[in-house]
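Numbering (this note's numbering), first residue to last: 955 to 1299.
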C-alpha cells in the first residue's frame, strides 16, 4: 500500500499541514530539525506526492512548455536534451510542441500551454517578429525564454542565441583562406533576424578579405536539405553544369548536405572544385563523404542555459543578464580540405 501524508505525519509526530508545507517548499514556521526528519521519512517510505494536489497547493503546475518549428531538424534534439537536463534536476515536466513552421499553429500551441497552466515557456519561433506570441505570454504573466531567436527588451522574457554574425564571418574567412573567390551563400529565410545577421557576417568577411572576389551569389532556403539541393540544381542548370562559384556557405548543415548531394550528382568534386561549409555541426556532418566543415553551435549548452534562465525567472528572480550570446566554433573537415581539426571561435 502506498504511503500517504497521514503516514508521514504520524511517524514524524507532526500535523499533515506541516508535512504539506515541507513538501511544497513552504517551511516557514517549521524547525530545521523537523524539516530534516520529514524529508528523511519521505525518502525512507518512498512517498510520491500527487502532482495535481501539489500543483493546487503551490499554484504551480511544475511544467514548462517548449515550442520548436520543426522537430525533424537534427539541430533540435540536442537542444531539447539540454533543456530537459536542467528541468529534470528541478523536477519539472516538459510539454514539447512542434509548430511545423506554421505561425498560426505556434500561437495555438501557446494558448494550449497557457490553458495547461505551465509555469513558463521556451520558444524557438517560426518568425523573428513574434510580438503577438510574446504578448500572449506577457498578458498572463508567464515567464518565457527565446532560444536561437533574438529578442527586444521585454519585462517577462529572456533569450539565448549564437553570435550569428561572428559565426558567418568565421565561415566566410575560412573559405577565402582556402582560395574561394566566387561564393554562393545559401542563407535561411529572409525575414529571420538571424539570417540578416549571418548575411552581415558574410558581407563583412567578403569585403575585408585579401585578393579580388566576384560579387556574392545570394539565395534563400528554408533550412531543409531539399532547398539546398534545389538551389544548386537551378544554378547549375542555368550554366550548363559548370558552376559559377567555387565555394558554398550554407546557413545550416541540412542545406549544405543537400548542396553536397547535388554537386556529387553533377560530378563536381568537393573540395577540389567547390569548397563547402555548413552551420550547426549536426551529427550527420561528420559522416558524409567528404565530412562537412561547419560552424558548430553549442546546442546542448544553449538549451540548458535557456532552461536555467527560465527557472530563475519562474522563481521570481530578476537576472542581471537576460540575454546570453553563445560563441560559434569552426570545425574544419574534408569539404574544405584534407586536414581535419577544430578552431575555437
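Built from N, CA and C at the ideal position, the CB exists for glycine as well. What you are looking at is a predicted structure, and each value in this text was computed from that prediction instead of being measured.
In this structure, residue 1023 and residue 1075 do not form a Cβ contact; the two beta carbons are roughly 14 Å apart against a cut-off of 8 Å. Between the region 1277–1289 and the region 1244–1251 there are three or more inter-stretch CB-CB distances shorter than 8 Å, so the stretches are counted as touching. Shown here, residue 1173 sits in a strand according to DSSP, grouped into three states. Residue state for residue 1223 is assigned as coil, using DSSP reduced to three classes. Residue 1179 carries a helical assignment under DSSP once its states are collapsed to helix, strand and coil.
With respect to the 8 Å criterion, residue 1186 and residue 1216 are classified as neighbours on the basis of their beta carbons. Residues of the same chain with a CB within less than 7 Å of the CB of residue 1222, apart from the 5 flanking positions on each side, are 1197 and 1228 in chain order.
Nearest to residue 1263 by alpha-carbon distance, out of 1124, 1287 and 1040, is 1040. Rounded to whole angstroms, the gap between the alpha carbons of residue 1152 and residue 1234 is 13 Å. Where residue 1047 is concerned, the enclosing beta strand (DSSP E) starts and stops at 1047–1052.
Looking from the CA of residue 1129, the closest CA among 1117, 1163 and 1147 belongs to 1163.
Counted as a single uninterrupted DSSP element, the beta strand (DSSP E) harbouring residue 1100 occupies residues 1098–1101. A buried status is given to residue 1224, since no fewer than 16 other beta-carbon atoms sit within 10 Å of its beta-carbon.
Residue 1156 sits buried, since 16 or more C-beta atoms from the chains shown fall within 10 Å of its C-beta. When the beta-carbon positions are compared, residue 1208 and residue 1033 stay at least 8 Å from each other. One alpha carbon belongs to residue 991, the other to residue 1232, and they sit about 56 Å apart. Distance from the CA of residue 1125 to the CA of residue 1166, rounded to the nearest whole angstrom, comes to 18 Å.
Contact annotation: residue 1020 and residue 1050 have beta-carbon atoms nearer than 8 Å. In this chain, the alpha helix (DSSP H) harbouring residue 1253 covers 1253–1268. With respect to the 8 Å criterion, residue 1142 and residue 1175 are classified as neighbours on the basis of their beta carbons. Contact between residue 1064 and residue 1140 is absent: CB atoms are separated by about 31 Å, not below the 8 Å threshold. For secondary structure counted as the alpha helix (DSSP H) over 4 or more consecutive residues, the region 1126–1172 holds these complete runs in sequence order: 1147–1162. Here the C-alpha atom of residue 987 lies approximately 14 Å from the C-alpha atom of residue 975. Comparing C-alpha distances from residue 962 to each of 1189, 995 and 1288 shows the shortest one belongs to 995. In the three-state reduction of the DSSP assignment, residue 1203 falls in the strand class, which pools E and B.
Shortest Cα-Cα distance from residue 1285 to any of 1072, 1258, 1230 and 1066 involves 1230.
For residue 1086, the CB contacts under 8 Å within the same chain, skipping 5 residues up- and downstream, are 1061 in chain order. The criterion of a C-beta distance shorter than 8 Å is not satisfied by residue 1189 and residue 1160. Under the three-state reduction of DSSP output, residue 999 falls in the coil class, being neither helix nor strand.
The bridge partners DSSP lists for residue 1112 are 1099.
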